[in-house]
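Asks: Before we start, here is the structure in question, set down as C-alpha coordinates.
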Amino acid sequence: MSDVKVKVGILGASGYTGAELVRILAHHAAAEIVLLTADRRAGRPFGEVFPHLAHLNLPTMIRIDEADWSNVDVIFCALPHGTTQEVIAGLPQHVKVVDLSADFRLFDPATYKEWYGAEHAAQDLQKEVVYGLTELHREKVAKARVVANPGCYPTPAQLSLTPLLEQKLILSQDIIIDAKSGVTGAGRSPKEGILFAEITEGIHAYATGGHRHAPEIEQGLSWAAGDDVIVNFSPHLMPMSRGILESIYVKLADGVTPEQIHEALVKRYEGEPFVRVLPFGTTPQTRHVRGSNFVMFGVVKDRVPGRAIIVGVEDNLMKGASGQAVQNMNVMMGLPETMGLELEPLFP
(Lines of atoms letter the chains of each structure in order from A; the text may use other names.)
(Lines give C-alpha, C1' and ligand atoms only; values in the text may rest on other atoms or scores of the structure.)
Protein backbone atom coordinates (compact mmCIF):
# COMPACT_ATOMS: atom_id res chain seq x y z
CA MET A 12 0.00 0.00 0.00
CA SER A 13 3.01 2.30 0.42
CA ASP A 14 3.18 2.65 -3.38
CA VAL A 15 -0.25 4.32 -3.37
CA LYS A 16 -0.07 8.07 -2.82
CA VAL A 17 -3.13 10.00 -1.73
CA LYS A 18 -2.72 13.72 -2.39
CA VAL A 19 -3.97 15.51 0.73
CA GLY A 20 -4.97 19.10 1.44
CA ILE A 21 -5.67 20.61 4.85
CA LEU A 22 -7.87 23.69 5.04
CA GLY A 23 -7.35 25.66 8.23
CA ALA A 24 -3.97 24.08 8.85
CA SER A 25 -2.80 26.61 11.44
CA GLY A 26 -5.10 25.37 14.23
CA TYR A 27 -4.57 22.55 16.69
CA THR A 28 -6.43 19.98 14.59
CA GLY A 29 -4.49 21.07 11.50
CA ALA A 30 -1.17 20.58 13.27
CA GLU A 31 -2.31 17.19 14.56
CA LEU A 32 -3.29 16.13 11.05
CA VAL A 33 0.17 17.06 9.79
CA ARG A 34 1.82 15.15 12.65
CA ILE A 35 -0.19 12.01 11.80
CA LEU A 36 0.13 12.25 8.03
CA ALA A 37 3.89 12.80 8.22
CA HIS A 38 4.13 9.10 9.17
CA HIS A 39 1.34 7.87 6.89
CA ALA A 40 2.72 5.53 4.24
CA ALA A 41 0.15 6.48 1.60
CA ALA A 42 -0.42 10.21 2.21
CA GLU A 43 1.36 13.17 0.64
CA ILE A 44 0.46 16.66 1.85
CA VAL A 45 0.25 18.90 -1.21
CA LEU A 46 -1.89 21.81 0.05
CA LEU A 47 -2.08 23.77 3.30
CA THR A 48 -4.32 26.79 3.75
CA ALA A 49 -4.59 29.39 6.47
CA ASP A 50 -6.15 32.83 6.73
CA ARG A 51 -4.12 35.17 8.92
CA ARG A 52 -0.99 33.07 8.48
CA ALA A 53 -1.19 32.72 4.69
CA GLY A 54 2.20 33.08 3.03
CA ARG A 55 4.13 31.70 6.01
CA PRO A 56 5.98 28.38 6.14
CA PHE A 57 4.19 25.81 8.28
CA GLY A 58 7.30 25.36 10.42
CA GLU A 59 7.18 28.99 11.53
CA VAL A 60 3.76 28.46 13.04
CA PHE A 61 4.54 24.99 14.45
CA PRO A 62 8.30 24.73 15.04
CA HIS A 63 8.00 21.12 16.24
CA LEU A 64 7.06 20.20 12.65
CA ALA A 65 9.58 22.48 10.91
CA HIS A 66 11.74 19.54 9.80
CA LEU A 67 9.00 18.29 7.45
CA ASN A 68 9.04 19.17 3.76
CA LEU A 69 5.66 20.91 3.55
CA PRO A 70 4.07 23.42 1.17
CA THR A 71 3.77 27.04 2.26
CA MET A 72 0.35 27.93 3.63
CA ILE A 73 -1.86 29.89 1.23
CA ARG A 74 -5.35 31.35 1.18
CA ILE A 75 -8.23 29.10 0.11
CA ASP A 76 -8.99 31.25 -2.95
CA GLU A 77 -5.44 30.57 -4.18
CA ALA A 78 -5.79 26.77 -3.99
CA ASP A 79 -5.40 24.52 -7.03
CA TRP A 80 -7.69 21.53 -6.51
CA SER A 81 -6.59 19.62 -9.61
CA ASN A 82 -3.84 17.74 -7.75
CA VAL A 83 -5.83 17.00 -4.59
CA ASP A 84 -7.59 13.70 -3.78
CA VAL A 85 -8.77 14.35 -0.22
CA ILE A 86 -9.38 17.51 1.77
CA PHE A 87 -9.45 17.73 5.53
CA CYS A 88 -11.52 20.77 6.36
CA ALA A 89 -10.57 22.26 9.74
CA LEU A 90 -12.26 25.62 9.27
CA PRO A 91 -14.42 27.38 11.90
CA HIS A 92 -18.09 26.45 12.14
CA GLY A 93 -20.29 28.42 9.79
CA THR A 94 -17.56 29.01 7.20
CA THR A 95 -17.31 25.47 5.88
CA GLN A 96 -20.56 24.84 4.02
CA GLU A 97 -19.99 27.05 1.01
CA VAL A 98 -16.31 26.09 0.75
CA ILE A 99 -17.09 22.37 0.56
CA ALA A 100 -20.06 22.92 -1.74
CA GLY A 101 -17.72 24.71 -4.16
CA LEU A 102 -15.11 21.94 -4.37
CA PRO A 103 -14.81 19.85 -7.55
CA GLN A 104 -16.54 16.47 -7.49
CA HIS A 105 -13.30 14.48 -7.68
CA VAL A 106 -12.21 15.77 -4.25
CA LYS A 107 -13.26 13.72 -1.23
CA VAL A 108 -13.79 15.61 2.03
CA VAL A 109 -13.52 14.90 5.73
CA ASP A 110 -15.02 17.90 7.54
CA LEU A 111 -13.89 18.46 11.12
CA SER A 112 -16.28 21.37 11.75
CA ALA A 113 -19.87 21.00 12.95
CA ASP A 114 -21.37 22.28 9.71
CA PHE A 115 -22.52 18.90 8.37
CA ARG A 116 -22.98 16.88 11.57
CA LEU A 117 -26.63 17.77 12.15
CA PHE A 118 -28.81 16.26 9.45
CA ASP A 119 -31.99 18.24 10.17
CA PRO A 120 -31.65 21.81 8.79
CA ALA A 121 -34.08 23.12 11.41
CA THR A 122 -31.95 21.68 14.21
CA TYR A 123 -28.85 23.23 12.68
CA LYS A 124 -30.54 26.65 12.52
CA GLU A 125 -31.75 26.33 16.11
CA TRP A 126 -28.28 25.63 17.49
CA TYR A 127 -26.08 27.64 15.13
CA GLY A 128 -28.34 30.63 14.50
CA ALA A 129 -28.34 30.59 10.70
CA GLU A 130 -29.82 28.72 7.77
CA HIS A 131 -27.69 25.88 6.46
CA ALA A 132 -26.07 27.12 3.25
CA ALA A 133 -25.58 23.72 1.57
CA GLN A 134 -28.70 21.70 2.27
CA ASP A 135 -28.51 19.77 -1.02
CA LEU A 136 -24.98 18.66 -0.20
CA GLN A 137 -26.03 17.73 3.34
CA LYS A 138 -28.25 15.00 1.86
CA GLU A 139 -25.21 13.07 0.60
CA VAL A 140 -23.02 13.54 3.69
CA VAL A 141 -22.20 10.51 5.84
CA TYR A 142 -21.72 10.84 9.61
CA GLY A 143 -18.23 9.56 10.20
CA LEU A 144 -18.25 7.71 13.50
CA THR A 145 -16.18 5.02 11.85
CA GLU A 146 -16.95 2.01 14.01
CA LEU A 147 -20.70 2.56 13.65
CA HIS A 148 -20.93 3.69 10.01
CA ARG A 149 -17.90 2.09 8.34
CA GLU A 150 -19.74 0.76 5.24
CA LYS A 151 -21.33 4.14 4.49
CA VAL A 152 -18.04 5.96 5.08
CA ALA A 153 -16.35 3.69 2.53
CA LYS A 154 -18.75 4.89 -0.18
CA ALA A 155 -18.92 8.55 0.82
CA ARG A 156 -17.53 11.62 -0.91
CA VAL A 157 -18.17 13.92 2.07
CA VAL A 158 -17.87 12.72 5.67
CA ALA A 159 -18.84 14.76 8.72
CA ASN A 160 -16.22 13.95 11.35
CA PRO A 161 -17.92 13.61 14.76
CA GLY A 162 -17.42 16.06 17.59
CA CYS A 163 -15.07 15.20 20.43
CA TYR A 164 -17.73 14.79 23.13
CA PRO A 165 -20.19 12.83 20.93
CA THR A 166 -17.62 10.15 20.04
CA PRO A 167 -17.32 8.28 23.38
CA ALA A 168 -20.95 9.00 24.25
CA GLN A 169 -22.25 7.37 21.07
CA LEU A 170 -19.75 4.53 20.93
CA SER A 171 -20.68 3.42 24.44
CA LEU A 172 -24.44 3.98 24.36
CA THR A 173 -25.37 2.99 20.79
CA PRO A 174 -24.98 -0.81 21.22
CA LEU A 175 -26.84 -0.69 24.53
CA LEU A 176 -29.77 1.25 23.08
CA GLU A 177 -29.89 -0.95 19.98
CA GLN A 178 -30.14 -4.05 22.18
CA LYS A 179 -32.53 -2.31 24.60
CA LEU A 180 -30.28 -3.09 27.54
CA ILE A 181 -30.69 0.41 28.98
CA LEU A 182 -33.55 2.87 29.12
CA SER A 183 -33.47 5.79 26.72
CA GLN A 184 -34.66 8.18 29.44
CA ASP A 185 -32.60 9.91 32.12
CA ILE A 186 -29.19 9.39 30.50
CA ILE A 187 -26.68 11.73 32.16
CA ILE A 188 -23.34 12.55 30.51
CA ASP A 189 -20.93 14.38 32.80
CA ALA A 190 -17.98 15.36 30.58
CA LYS A 191 -14.56 16.94 31.14
CA SER A 192 -12.24 18.25 28.42
CA GLY A 193 -8.78 19.66 27.99
CA VAL A 194 -8.37 23.25 26.85
CA THR A 195 -7.43 22.45 23.24
CA GLY A 196 -11.08 21.59 22.68
CA ALA A 197 -11.75 25.34 22.74
CA GLY A 198 -9.48 25.95 19.73
CA ARG A 199 -6.33 28.04 19.28
CA SER A 200 -7.81 31.51 18.99
CA PRO A 201 -7.02 33.69 22.03
CA LYS A 202 -9.97 33.93 24.43
CA GLU A 203 -10.10 35.24 27.97
CA GLY A 204 -11.75 32.10 29.29
CA ILE A 205 -8.86 29.85 28.25
CA LEU A 206 -5.97 31.99 29.48
CA PHE A 207 -3.58 30.12 31.78
CA ALA A 208 -4.58 32.14 34.83
CA GLU A 209 -8.26 31.47 34.13
CA ILE A 210 -7.82 27.71 33.74
CA THR A 211 -5.07 26.54 36.03
CA GLU A 212 -5.79 25.23 39.54
CA GLY A 213 -9.50 24.90 38.92
CA ILE A 214 -12.35 23.33 36.98
CA HIS A 215 -15.55 24.91 35.72
CA ALA A 216 -18.67 24.01 33.82
CA TYR A 217 -19.42 25.86 30.59
CA ALA A 218 -22.29 26.05 28.08
CA THR A 219 -24.30 24.51 30.89
CA GLY A 220 -27.63 23.19 29.66
CA GLY A 221 -27.00 24.29 26.09
CA HIS A 222 -23.80 22.90 24.56
CA ARG A 223 -23.95 22.43 20.78
CA HIS A 224 -22.76 18.84 21.02
CA ALA A 225 -25.97 17.85 22.83
CA PRO A 226 -28.12 17.67 19.65
CA GLU A 227 -25.37 15.73 17.87
CA ILE A 228 -25.29 13.17 20.67
CA GLU A 229 -29.09 12.97 20.71
CA GLN A 230 -29.22 12.53 16.93
CA GLY A 231 -26.95 9.47 17.04
CA LEU A 232 -28.63 7.94 20.07
CA SER A 233 -32.06 8.46 18.51
CA TRP A 234 -30.88 6.57 15.42
CA ALA A 235 -29.80 3.72 17.71
CA ALA A 236 -32.96 3.65 19.82
CA GLY A 237 -35.38 4.13 16.94
CA ASP A 238 -37.07 6.89 18.93
CA ASP A 239 -36.27 10.36 20.23
CA VAL A 240 -33.62 10.36 22.94
CA ILE A 241 -32.93 13.41 25.13
CA VAL A 242 -29.81 13.44 27.30
CA ASN A 243 -28.61 15.58 30.17
CA PHE A 244 -25.17 16.70 28.96
CA SER A 245 -22.86 18.89 31.05
CA PRO A 246 -19.32 19.75 29.84
CA HIS A 247 -16.49 21.02 32.05
CA LEU A 248 -13.10 22.53 31.27
CA MET A 249 -10.05 20.98 32.93
CA PRO A 250 -6.57 22.45 33.45
CA MET A 251 -4.89 20.11 30.93
CA SER A 252 -4.04 20.53 27.26
CA ARG A 253 -5.78 17.47 25.83
CA GLY A 254 -8.07 14.63 26.82
CA ILE A 255 -11.75 13.95 27.44
CA LEU A 256 -13.34 11.92 30.23
CA GLU A 257 -17.08 11.19 30.30
CA SER A 258 -18.94 9.66 33.23
CA ILE A 259 -22.20 8.35 31.78
CA TYR A 260 -25.03 7.35 34.10
CA VAL A 261 -27.68 4.95 32.75
CA LYS A 262 -30.77 3.14 33.97
CA LEU A 263 -30.82 -0.58 33.18
CA ALA A 264 -33.76 -2.28 31.48
CA ASP A 265 -35.73 -4.72 33.62
CA GLY A 266 -33.68 -7.80 34.44
CA VAL A 267 -30.43 -6.42 32.98
CA THR A 268 -27.29 -6.29 35.11
CA PRO A 269 -24.26 -3.99 34.82
CA GLU A 270 -22.19 -7.07 33.97
CA GLN A 271 -24.44 -7.69 30.96
CA ILE A 272 -23.96 -4.22 29.50
CA HIS A 273 -20.22 -4.63 30.00
CA GLU A 274 -20.33 -7.92 28.10
CA ALA A 275 -22.38 -6.29 25.33
CA LEU A 276 -19.68 -3.64 24.82
CA VAL A 277 -16.93 -6.27 24.88
CA LYS A 278 -18.70 -8.28 22.16
CA ARG A 279 -19.61 -5.24 20.05
CA TYR A 280 -16.05 -3.93 19.89
CA GLU A 281 -14.13 -7.18 19.79
CA GLY A 282 -11.56 -6.83 17.02
CA GLU A 283 -11.96 -3.07 16.70
CA PRO A 284 -8.44 -1.62 16.59
CA PHE A 285 -9.19 1.64 18.40
CA VAL A 286 -11.88 0.72 20.96
CA ARG A 287 -10.83 -0.92 24.20
CA VAL A 288 -13.18 -2.12 26.95
CA LEU A 289 -11.50 -2.67 30.31
CA PRO A 290 -12.35 -5.52 32.69
CA PHE A 291 -15.60 -5.01 34.58
CA GLY A 292 -15.31 -2.74 37.58
CA THR A 293 -12.25 -0.81 36.36
CA THR A 294 -12.20 2.66 34.82
CA PRO A 295 -9.79 4.34 32.37
CA GLN A 296 -7.92 7.62 32.73
CA THR A 297 -7.19 10.26 30.10
CA ARG A 298 -3.46 9.59 30.43
CA HIS A 299 -4.11 6.05 29.16
CA VAL A 300 -5.01 7.34 25.68
CA ARG A 301 -3.07 10.62 25.40
CA GLY A 302 -1.55 11.07 21.94
CA SER A 303 -3.30 7.98 20.52
CA ASN A 304 -6.42 7.21 18.50
CA PHE A 305 -7.80 4.91 21.18
CA VAL A 306 -11.08 5.36 23.00
CA MET A 307 -11.30 3.35 26.22
CA PHE A 308 -14.31 2.36 28.32
CA GLY A 309 -14.97 0.96 31.75
CA VAL A 310 -18.27 -0.18 33.28
CA VAL A 311 -18.97 -0.23 37.00
CA LYS A 312 -22.00 -1.11 39.10
CA ASP A 313 -23.73 1.88 40.69
CA ARG A 314 -24.60 1.65 44.39
CA VAL A 315 -28.17 2.48 43.35
CA PRO A 316 -29.96 -0.70 42.15
CA GLY A 317 -30.88 -0.73 38.47
CA ARG A 318 -28.18 1.73 37.42
CA ALA A 319 -24.67 1.52 35.99
CA ILE A 320 -21.87 3.97 35.26
CA ILE A 321 -19.83 3.95 32.05
CA VAL A 322 -16.57 5.88 31.99
CA GLY A 323 -15.08 6.72 28.58
CA VAL A 324 -11.84 8.50 27.69
CA GLU A 325 -10.21 9.72 24.50
CA ASP A 326 -7.67 12.27 23.31
CA ASN A 327 -9.87 15.09 21.98
CA LEU A 328 -7.34 15.97 19.26
CA MET A 329 -6.95 12.36 18.11
CA LYS A 330 -10.01 10.08 18.27
CA GLY A 331 -12.01 13.23 19.04
CA ALA A 332 -10.83 15.03 15.89
CA SER A 333 -7.77 14.52 13.67
CA GLY A 334 -7.09 10.85 14.42
CA GLN A 335 -10.65 9.86 13.61
CA ALA A 336 -10.50 12.05 10.50
CA VAL A 337 -7.50 10.09 9.20
CA GLN A 338 -9.26 6.85 10.15
CA ASN A 339 -12.19 7.96 7.98
CA MET A 340 -9.87 8.93 5.12
CA ASN A 341 -8.31 5.48 5.21
CA VAL A 342 -11.74 3.85 4.93
CA MET A 343 -12.84 6.23 2.14
CA MET A 344 -9.70 5.53 0.11
CA GLY A 345 -9.66 1.77 0.63
CA LEU A 346 -6.51 1.87 2.75
CA PRO A 347 -5.85 -0.15 5.93
CA GLU A 348 -7.90 1.59 8.60
CA THR A 349 -5.02 1.79 11.07
CA MET A 350 -2.50 3.28 8.61
CA GLY A 351 -0.69 6.26 10.12
CA LEU A 352 -2.49 5.73 13.44
CA GLU A 353 -0.30 3.07 15.03
CA LEU A 354 0.63 5.51 17.77
CA GLU A 355 0.95 4.22 21.31
CA PRO A 356 -0.36 6.50 24.07
CA LEU A 357 2.10 8.89 25.70
CA PHE A 358 2.63 8.05 29.37
CA PRO A 359 3.00 9.78 31.72
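To convert, count from 1 in the sequence shown and add 11; that's the numbering used here.
We put the beta carbon where it would ideally sit given N, CA and C, even for glycine.
The model shown is predicted, which means the values in this text are computed figures rather than measured ones.
#1: Going by DSSP in three states, K107 sits in which element: helix, strand or coil?
#2: Going by C-alpha to C-alpha distance, which of L352, K154, I210 and W234 sits closest to K179?
#3: What's the call for Q230, buried or exposed, on a 16-neighbour Cβ count within 10 Å?
#4: Can you find the residues in the same chain that come closer than 7 angstroms, C-beta to C-beta, to L90, ignoring five residues on each side of it along the sequence?
#5: Taking P201 as the reference, give the member of S333, D119 and Y27 with the closest Cα.
#6: Output yes or no for whether 8 angstroms exceeds the beta carbon distance between L32 and A78.
#7: Extract the residue ranges of the alpha helix (DSSP H) inside the stretch 264-322, only unbroken runs of 4 or more that lie entirely within it.
#8: In the DSSP assignment, what residue or residues form a beta bridge with K18?
#9: N339 and V109 - do their beta-carbons sit closer together than 8 angstroms?
#10: My assumption, with CB atoms under 8 angstroms, is that A168 sits in contact with I259. Please give the rounded CB distance.
#11: If you run the structure through DSSP and keep just helix, strand and coil, what is I214?
#12: Taking only three categories from DSSP, how would you classify V240?
#13: For R223 versus N327, is the C-beta distance shorter than 8 angstroms?
#14: Taking buried to mean at least 16 other C-beta atoms within 10 Å of its own C-beta, is Q184 buried or exposed?
#15: Return the residue from the list D84, D119 and E146 that minimises the CA-CA distance to M344.
#16: Between the C-alpha atoms of D265 and G317, what's the straight-line distance to the nearest angstrom?
#17: Identify the residues that DSSP records as bridge partners of T48: which are they?
#18: Between the alpha carbons of K16 and I187, how many angstroms are there, rounded?
#19: With DSSP as the reference, please indicate the residues paired to D189 in a beta bridge.
#20: Could you check if P290 is buried or exposed, using at least 16 other CB atoms within 10 Å of its CB as the buried criterion?
#21: Is it right to say D141 is buried, meaning 16 or more other beta carbons lie within 10 angstroms of its own, or is it exposed?
#22: Grab me the residues of A30's own chain with a C-beta within less than 6 angstroms of its C-beta, minus the 5 sequence neighbours each way, in chain order.
Replies: In short, the structure shows the following:
#1: strand
#2: W234
#3: buried
#4: L22, G23, V98 and S112
#5: Y27
#6: no
#7: 269-279
#8: E43
#9: yes
#10: 7 angstroms
#11: coil
#12: coil
#13: no
#14: exposed
#15: D84
#16: 8 angstroms
#17: L22 and I73
#18: 44 angstroms
#19: S245 and S258
#20: exposed
#21: First, the residue type needs correcting, since residue 141 is Val and not Asp in the sequence shown. When all chains shown are included, V141 counts as buried.
#22: F61
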